[in-house]
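*Asks:* Take this structure first; my questions come after.
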Amino acid sequence: MNILIPAICTALWSQVALAQVVGTSFGFASGTTGGGSAQPAAPSDIAELTTWLADSTPRVILIDKTFDFRGSLGTTTTQVCEDSVVGACPGGSSAGQYSIQSTCTTGTWVTKTYDNAGIQGLPVGSNKSIVGVGSSGVIMGRGLQLSGDVSNVIIQNILITDINPQFIWGGDALSLEGCDKVWIDHCKFSLIGRQMISTGYAAAGHVTISNNEFDGVTSWSASCNGEHYWTMLLYGLKDYYTLTGNYIHDCSGRGPHIGTTYDASVILFHSYNNLYENSAGHAFDVDATSYLLIEANSFSNWSQPMTPGSATNGGHVFDVAASSNTGTCSSYLGRSCIENDFVSSGAWQSLSDTAVLSTLASYKEYLPTPVPASAVSASVKSFAGTGKLTVAAAATAAATARACSG
């Protein structure tokens, strides 16, 4: 190393610190510290990023450019299914999605090519902070996979995009299965083949999903309407979710789907201050053994805020649809709940299952008090997604991190 480098590094490490995680984890992921005080460093290429993500070393990994994985693991040309639902969209303004699967009982086989990187998520180890720098942090063509007892991970200010968007089963943006303590903050997800966030059957543990943009605008729509369907699929074995401050738009389904009848999953879920905008499909879809408190969210031009069959299969929902049930929360949570807001949106199921409140009463410290739903639209649009964090001298910090770690 050049003898001048140590002096330069010493002078600039204070700027590097500014490129670390902004804010502190909260909600059910409270206490998540990621890489903590590890020296921030920016990987030089996709090979180094892959290694750093997967190893056992606590790290603050700076994503300061586009890491494009498309083509890095080759492609596969094979038969995929095109059926009346997910194939071509007759008369529609967008194409459908093809399905990568072993059977095609309702359609026809067609030959297509997909990218192998998309269906193989990047393994992420414990004690990692993965932080985008300014508006420059992009991971393209491959998602992140947290599995096998991984814990204490922060993913902040990253755009994850272009993962086989033509193909159902083409890959997830974030996959959480067999993990705990995960904070997903100020990210953006777009042009994803399957789920933007998927938690599988094993426990995802304590997860906070905050201030992200779920951008469903696509040319390959399973719903044939230019909207992405596969938004969030949250199964989990014993999971706790905080969903807040997110901008979920042009997504026609699973915003989120919660719970499953396939295993003994038990899910506690607090949704507040999210903005749902522009959808011809559904947002909440609630299945068995889940307990949801849904309050102070804003729905604008959303066809179906909750599926009609929600909470009829063993799920429990307390949604705050009218002032008449805001006060019910007080005796359980020590505060009133706050109404959701609906503008040019479909009918909302008014569900007031107090089993939700009695279950969540033991977790009051993880249930922040929302702001009124009337303030949600403006605040979410100005704050959710990437490039919204103030990180002074971030570009210089990333360059310094790379030079000083070399």
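Read in order, the letters of the sequence shown are residues -19 to -1, 1 to 387 in mature numbering (1 follows the signal peptide of the UniProt record, and there is no 0). Note that beta-carbon positions come from the ideal geometry of N, C-alpha and C, so glycine has one too.
#1: DSSP state of residue 445, grouped into three classes?
#2: Are the region 155 to 164 and the region 75 to 90 touching, with three or more C-beta to C-beta distances below 8 Å?
#3: Please state whether DSSP places Cys62 in a helix, a strand or coil.
#4: For a quick check, are the C-beta atoms of Ala354 and Ala261 less than 8 Å apart?
#5: From Asp64 to Arg175, what distance separates their C-alpha atoms?
#6: So, at 6 Å on beta carbons, what are the nonlocal neighbours of Ile178 in its own chain, with the 5 sequence-adjacent residues on each side left out?
#7: Considering only DSSP beta bridges, list what Phe7 is partnered with.
#8: Based on Cα-Cα distance, which residue from Gly118, Ile229 and Gly12 lies nearest to Phe280?
#9: Between Leu172, Ile120, Val119 and Gly8, which has its C-alpha nearest Ser202's C-alpha?
#10: Which residues bound the beta strand (DSSP E) around Phe50?
#11: Just reading off the beta strand (DSSP E) that Ala264 is part of, what are its end residues?
#12: With DSSP as the reference, label Thr32 as helix, strand or coil.
#13: By how many angstroms is the C-alpha of Glu320 removed from the C-alpha of Pro104?
#14: Shortest alpha-carbon distance to Ile100 belongs to which of Ser252, Ile139, Gln137 and Asp143?
#15: For Asn219, tell me which candidate among Asn206, Ala185 and Phe195 has the shortest Cα-Cα distance.
#16: In whole angstroms, what is the alpha-carbon distance linking Pro21 and Leu348?
#17: Can you tell me whether DSSP reads Cys232 as helix, strand or coil?
#18: To the nearest whole angstrom, what separates the beta carbons of Asn206 and Ser246, a pair I think is in contact under 8 Å?
#19: Between the region 284 to 300 and the region 27 to 43, do at least 3 Cβ pairs fall closer than 8 Å?
#20: Who are the Cβ neighbours of Pro(-14) in its own chain at under 7 Å, not counting the five residues just before and after it?
#21: Give me the Cα-Cα distance between Gln137 and Gly115, rounded to the nearest whole angstrom.
#22: Quick one: grab the DSSP three-state call for Ala22.
#23: In its own chain, which residues sit with a C-beta less than 8 Å from the C-beta of residue 389, not counting the 5 before and 5 after it?
#24: Pull up the DSSP beta-bridge partners for Phe280, would you.
#25: Between which two residues does the beta strand (DSSP E) containing residue 427 stretch?
#26: Note down the Cα distance separating Ser200 from Val301, rounded to an integer number of angstroms.
#27: Residue range of the beta strand (DSSP E) that Ser132 falls in?
#28: In chain order, what residues of the same chain lie with their CB nearer than 6 Å to the CB of Ile(-12), ignoring the 5 residues before and after it?
#29: Three-state secondary structure (DSSP) at Gly88?
#30: Out of curiosity, what's the CA-to-CA distance linking Thr56 and Gly240?
#31: Only counting the same chain, and skipping five residues up and downstream in sequence, which positions put a Cβ closer than 7 Å to that of Leu(-16)?
*Replies:* Quick answer:
#1: The question about residue 445 has no answer, for the chain in this structure spans -19 to 387.
#2: Taking 8 Å as the limit for Cβ pairs, the verdict is that the region 75 to 90 does not touch the region 155 to 164.
#3: On the sequence shown, residue 62 is found 81 positions in, with the first residue counted as 1. Three-state DSSP puts Cys62 in a strand.
#4: Translated into positions along the sequence shown, residue 354 becomes position 373. Translated into positions along the sequence shown, residue 261 becomes position 280. Result no, Cβ atoms of Ala354 and Ala261 do not sit closer than 8 Å.
#5: Reading the sequence shown from its first residue, position 83 is the one you call residue 64. Reading the sequence shown from its first residue, position 194 is the one you call residue 175. Taking the straight line joining both Cα atoms gives about 17 Å.
#6: Translated into the one-based positions of the sequence shown, residue 178 becomes position 197. A distance below 6 Å between beta-carbons, with the five flanking residues on each side excluded, links Ile178 to the following residues of its chain, in chain order: Leu155 and Met213.
#7: Position 26 of the sequence shown, counted from the first residue, corresponds to residue 7. Answer is none; Phe7 lacks a bridge partner.
#8: Along the sequence shown, read from residue 1 onward, the residue named residue 280 stands at position 299. Minimum Cα distance to Phe280 is reached at Ile229.
#9: The residue labelled residue 202 in the question sits at position 221 within the sequence shown. The shortest Cα separation from Ser202 among Leu172, Ile120, Val119 and Gly8 belongs to Leu172.
#10: Here residue 50 corresponds to residue number 69 of the sequence shown, with the count starting at 1. Boundaries for Phe50: no beta strand (DSSP E) harbours it, and the DSSP string shows neither H nor E there.
#11: In the sequence shown, the residue the question calls residue 264 occupies position 283. Taken as a continuous stretch (DSSP letters only), the beta strand (DSSP E) holding Ala264 covers Leu256 to Val267.
#12: Along the sequence shown, one-based indexing puts residue 32 at 51. Three-state result, Thr32: helix.
#13: Here residue 104 is taken as the residue at index 123 of the sequence shown, counted from 1. Here residue 320 is taken as the residue at index 339 of the sequence shown, counted from 1. Taking the straight line joining both Cα atoms gives about 40 Å.
#14: As a working mapping, residue 100 is identified with position 119 in the sequence shown. Ranking the options by Cα distance to Ile100, first place goes to Asp143.
#15: Here residue 219 corresponds to residue number 238 of the sequence shown, with the count starting at 1. First, the amino acid is wrong: residue 219 is Lys here, not Asn. Nearest to Lys219 by alpha-carbon distance, out of Asn206, Ala185 and Phe195, is Ala185.
#16: One-based indexing of the sequence shown puts residue 21 at position 40. One-based indexing of the sequence shown puts residue 348 at position 367. Taking the CA atoms as reference points, Pro21 sits about 31 Å from Leu348.
#17: Translated into positions along the sequence shown, residue 232 becomes position 251. Judged by DSSP in its simplified three-state form, Cys232 adopts strand.
#18: One-based indexing of the sequence shown puts residue 206 at position 225. One-based indexing of the sequence shown puts residue 246 at position 265. Their Cβ separation, rounded to whole angstroms, is 30 Å, which puts Asn206 and Ser246 out of contact at 8 Å.
#19: For the pair of segments examined, the region 284 to 300 was found not to touch the region 27 to 43: the number of CB pairs separated by less than 8 Å stays below three.
#20: Taking the sequence shown and counting its residues from 1, the one referred to as residue -14 is at position 6. Residue confidence is low: Pro(-14) scores 49 on pLDDT, short of 50, so the model does not pin down where it sits. Its coordinate-derived value is still stated next. If you ignore the 5 residues before and after Pro(-14), its C-beta comes within less than 7 Å of no other C-beta in its own chain.
#21: Taking the first residue of the sequence shown as position 1, residue 137 is located at position 156. Taking the first residue of the sequence shown as position 1, residue 115 is located at position 134. Each residue's CA atom was taken as its position, placing Gln137 and Gly115 some 11 Å apart.
#22: Along the sequence shown, one-based indexing puts residue 22 at 41. Annotated three-state conformation of Ala22 is strand, per DSSP.
#23: An answer regarding residue 389 cannot be provided, because it is not within the stretch -19 to 387 covered by the chain.
#24: Residue 280 sits at position 299 when you count from the first residue of the sequence shown. Among the bridge pairs identified by DSSP, Phe280 is matched with Tyr257 and Phe323.
#25: The requested residue 427 is not part of the displayed model; the chain covers only -19 to 387.
#26: To locate residue 200, count along the sequence shown from 1; it is residue 219. To locate residue 301, count along the sequence shown from 1; it is residue 320. Ser200 and Val301 have their C-alpha atoms roughly 35 Å apart.
#27: Sequence index remark: in the sequence shown, residue 132 carries index 151 (1-based). First-last of the beta strand (DSSP E) with Ser132: Leu125 to Gln137.
#28: The sequence position of residue -12 within the sequence shown is 8, counting from 1. Because Ile(-12) sits at a pLDDT of 47, beneath the cut-off of 50, its placement in the model cannot be relied upon, and the following sentence gives the value as read from the coordinates. Spatial neighbours of Ile(-12) in its own chain (CB-CB distance under 6 Å, excluding positions within 5 residues in sequence) are not present.
#29: Along the sequence shown, one-based indexing puts residue 88 at 107. DSSP, read as helix, strand or coil, puts Gly88 in strand.
#30: As a first step, residue 56 must be located in the sequence shown, where it is residue number 75. As a first step, residue 240 must be located in the sequence shown, where it is residue number 259. Near 34 Å, if we compare the C-alpha coordinates of Gly240 and Thr56.
#31: In the sequence shown, counting from the first residue as 1, residue -16 sits at position 4. Confidence in Leu(-16) is poor, its pLDDT being 42 and thus under 50, which makes the residue's placement unreliable; the coordinate value appears in the next sentence. Sequence-distant Cβ neighbours of Leu(-16) in its own chain, meaning closer than 7 Å and more than five residues away, do not exist here.
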